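*Asks:* Shown below is the structure under consideration.
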Amino acid sequence: MASMARPVRNYLPGLLVLAGGLYTVYYYYTYWIRVYGALCIPGYGDPVKVEVTQGIWIRLDTILFPTVFGVILALLGIMLVWKKKFGAAVVALVLSATVINWPAFILIAAGALLGLLFWQKTLLPTIDLPDETMEWVDAEAGLSVLKSFRRLPSDRLIYSFRNEEGGHFVVKETASAQAAEREFKFLNAAADQGLPAPKAIGMAGRFLLMPQIEGFPFLQPLDFEAWTDEIAGILLTTHITQIPDMKAHRPAAEAVIPGWAFERATWERAYRIFREERADAAPVFVHGDFEPANVLFLDGRVTGITGWGHAGSGPAQLDVGRMRVALELIHGGNVADRFLNTYKKLSKDRGFEYSRYWDLLAVYGWLEQGPGSISSHWRRFGMTTLSEDEVMRRLERFVKTLTDKE
Numbered sequence: 001m002a003s004m005a006r007p008v009r010n011y012l013p014g015l016l017v018l019a020g021g022l023y024t025v026y027y028y029y030t031y032w033i034r035v036y037g038a039l040c041i042p043g044y045g046d047p048v049k050v051e052v053t054q055g056i057w058i059r060l061d062t063i064l065f066p067t068v069f070g071v072i073l074a075l076l077g078i079m080l081v082w083k084k085k086f087g088a089a090v091v092a093l094v095l096s097a098t099v100i101n102w103p104a105f106i107l108i109a110a111g112a113l114l115g116l117l118f119w120q121k122t123l124l125p126t127i128d129l130p131d132e133t134m135e136w137v138d139a140e141a142g143l144s145v146l147k148s149f150r151r152l153p154s155d156r157l158i159y160s161f162r163n164e165e166g167g168h169f170v171v172k173e174t175a176s177a178q179a180a181e182r183e184f185k186f187l188n189a190a191a192d193q194g195l196p197a198p199k200a201i202g203m204a205g206r207f208l209l210m211p212q213i214e215g216f217p218f219l220q221p222l223d224f225e226a227w228t229d230e231i232a233g234i235l236l237t238t239h240i241t242q243i244p245d246m247k248a249h250r251p252a253a254e255a256v257i258p259g260w261a262f263e264r265a266t267w268e269r270a271y272r273i274f275r276e277e278r279a280d281a282a283p284v285f286v287h288g289d290f291e292p293a294n295v296l297f298l299d300g301r302v303t304g305i306t307g308w309g310h311a312g313s314g315p316a317q318l319d320v321g322r323m324r325v326a327l328e329l330i331h332g333g334n335v336a337d338r339f340l341n342t343y344k345k346l347s348k349d350r351g352f353e354y355s356r357y358w359d360l361l362a363v364y365g366w367l368e369q370g371p372g373s374i375s376s377h378w379r380r381f382g383m384t385t386l387s388e389d390e391v392m393r394r395l396e397r398f399v400k401t402l403t404d405k406e
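Now the structure itself:
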């Protein structure tokens, strides 16, 4: 029975709306034929209609408009069969009044109402936060406006919302209570030093609460030079900030030869180079997960940095390499090189040195997530063309350029 109930719930609303739309088109088509015949063809049509319409011009819009709405509703019916959309069912219910014939109205209204019933959706968003977390949010930030909750793109629960006073906040899930405590510390340390990080308000278990920073991740700019210059500039500002010493949380990545490698020899050469050309650098304050999705923009300028869970003390090259490989994957070598050269130029008085060792270290760091995870991560931010296979090809191509260098 359950297996039969699902197809009914999925397809019946759309089929009813589709039937009502098609009936409307048919009804007004036949009505037009009858009227046309009564007016223009002797002996054709209903004698009563002939008498009533004799010598009278019928306005076209009285037939055309309902017919057009019938076509629209038929298309809505197809949409509801194909994709179960609550909003389309609402539109179908509203438009049902335009068809002006009872059979079609009953079919369309019934289908739309069944859609609203089967695909239940209230005017309030679905919020996956525990009840105790919601109570804590209201206690810390003031009574929240439930309909203002909006889930932000992330593999964990992150919601933006507004309280009744109009303040905007973010509640974020971390991996554990320890991770929340760590990020809480570095968020406040970074904010106290003037970095564009939100100052955390509180934490409860693995959840953090903070004010929302204006801006959003912007991965497809029109001006790549200005975009990369902004990113390089805010990264250097982060690296020269004095923060209490604490090692970066992200452990050093290990050299691996991925099982999906297309040219295994390329990865074997990379493995040898990585072992032979190890490098070190003086520690600074690093973000630890510096990549485009964690940099917020507004009107072409950086407004904030998110994702401080891996922050701490470490070589500046860790952040530079992670961003550089991300840019290589998303936009190609020219953009990645522009970012690196800009950072070098900005930090020329600090003795910053960069070698392919850091690129390989960053590649191995990204590989810990896996190509599929990398692809789905950036898909949330609009990079829909970067498939899992494309990530593999671009990673290997980048590694090949590194290993081919003398």
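So for the sequence shown, the UniProt record's numbering puts the first residue at 1; every next one is plus one.
Every residue, glycine too, gets a C-beta built ideally from N, C-alpha and C.
Just so we're clear, the structure is a prediction, and the values are computed from it rather than from any experiment.
#1: What is the DSSP secondary structure of R324, counted as helix, strand or coil?
#2: Could you tell me whether the Cβ atoms of L346 and L236 are closer together than 8 Å?
#3: Could you check which residue in F381, L402, V363 has the C-alpha nearest to that of V391?
#4: Using alpha carbons as the reference points, say which of P196, G300, L209 lies closest to R226.
#5: May I have the straight-line CA-CA distance separating G333 from V399, to the nearest angstrom?
#6: Compute the Euclidean distance between the alpha carbons of T241 and I127, then round it to the nearest angstrom.
#7: What ranges does the alpha helix (DSSP H) occupy inside the stretch 86-116, keeping only unbroken runs of at least 4 residues that lie completely in it?
#8: What is the C-beta distance between F105 and S96, in whole angstroms, given that I count them as a contact (C-beta under 8 Å)?
#9: Any chance you could list the alpha helix (DSSP H) runs of at least 4 consecutive residues sitting entirely within the stretch 214-256, in chain order?
#10: Which residue comes first and which comes last in the alpha helix (DSSP H) that contains R275?
#11: Taking C-alpha atoms, which residue in T174, T266, L146 lies nearest to W307?
#12: From the DSSP output, read off the bridge partner residues of I305.
#13: Give me the Cα-Cα distance between N101 and T24, rounded to the nearest whole angstrom.
#14: Using only CA atoms, which one of A197, F184, L367, F161 lies nearest to E254?
#15: I'd like the span of the alpha helix (DSSP H) that includes M134, first residue to last.
#16: Considering only their Cβ atoms, is the gap separating G321 from A358 smaller than 8 Å?
#17: Output the distance between the C-alpha atoms of V48 and T67, rounded to the nearest integer angstrom.
#18: Can you tell me which of the three DSSP states Q54 falls into?
#19: In the structure shown, what three-state DSSP assignment does G370 receive?
#20: Could you check where the alpha helix (DSSP H) with V145 kicks off and where it finishes?
#21: Identify every residue that forms a DSSP beta bridge with residue 407.
#22: Given a cut-off of 8 Å, decide if P283 and S313 are closer than it, judged by their beta-carbon atoms.
#23: Tell me, to the nearest whole angstrom, how far the beta carbon of E396 is from that of E263; I am working on the premise that it is less than 8 Å.
#24: Tell me which residues share the same chain as R278 and place their Cβ nearer than 8 Å to its Cβ, disregarding the 5 neighbours each side in the sequence.
#25: Pull up the distance between the alpha-carbon of residue 422 and that of A139, whole angstroms please.
#26: Give the straight-line distance between the Cα atoms of residue 451 and P211, rounded to the nearest whole angstrom.
*Replies:* The relevant details are as follows:
#1: In the three-state scheme derived from DSSP, where H, G and I count as helix and E and B as strand, R324 is classed as helix.
#2: Their beta carbons are under 8 Å apart, which means L346 touches L236 by this criterion.
#3: Scanning F381, L402, V363 for the CA closest to the CA of V391 turns up V363.
#4: Just to set this straight, residue 226 is Ala in the shown sequence, not Arg. The shortest C-alpha separation from A226 is found at G300.
#5: Rounded to whole angstroms, G333 to V399 spans 12 Å at the Cα level.
#6: C-alpha separation (whole angstroms): 37 Å.
#7: Within the stretch 86-116, the complete alpha helix (DSSP H) runs of at least 4 residues are 86-95.
#8: That pair is a contact at about 5 Å.
#9: Runs of the alpha helix (DSSP H) inside the stretch 214-256: 224-239.
#10: Bounds of the alpha helix (DSSP H) holding R275 are 264-276.
#11: A quick correction: the sequence has Gly, not Trp, at residue 307. It is T174.
#12: I305 is bridged by DSSP to V295.
#13: In this structure, the alpha-carbon of N101 lies about 7 Å from that of T24.
#14: Nearest C-alpha to E254: L367.
#15: Taken as a continuous stretch (DSSP letters only), the alpha helix (DSSP H) holding M134 covers 131-141.
#16: Note that residue 358 is Trp in the sequence shown, not Ala. Against a cut-off of 8 Å, the Cβ pair of G321 and W358 comes out as a contact.
#17: Here the model assigns V48 a pLDDT of 47, short of 50, so the residue's position is not dependable and the matter cannot be decided.
#18: Confidence in Q54 is poor, its pLDDT being 46 and thus under 50, which makes the residue's placement too unreliable to answer from.
#19: Residue state, collapsed to three classes: coil.
#20: Counting along the chain, V145 falls outside any alpha helix (DSSP H), and DSSP gives it neither H nor E.
#21: Nothing about residue 407 can be reported from this structure: the residues present for the chain run from 1 to 406 only.
#22: P283 sits close to S313, with the two beta carbons spaced by under 8 Å.
#23: That belief holds up - the Cβ atoms of E396 and E263 are roughly 6 Å apart, short of 8 Å.
#24: Hits under 8 Å: Y357.
#25: Residue coverage of the chain in this structure runs from 1 to 406, which leaves residue 422 outside it and unanswerable.
#26: No answer is possible for residue 451: it lies beyond the span of the chain, which begins at 1 and ends at 406.
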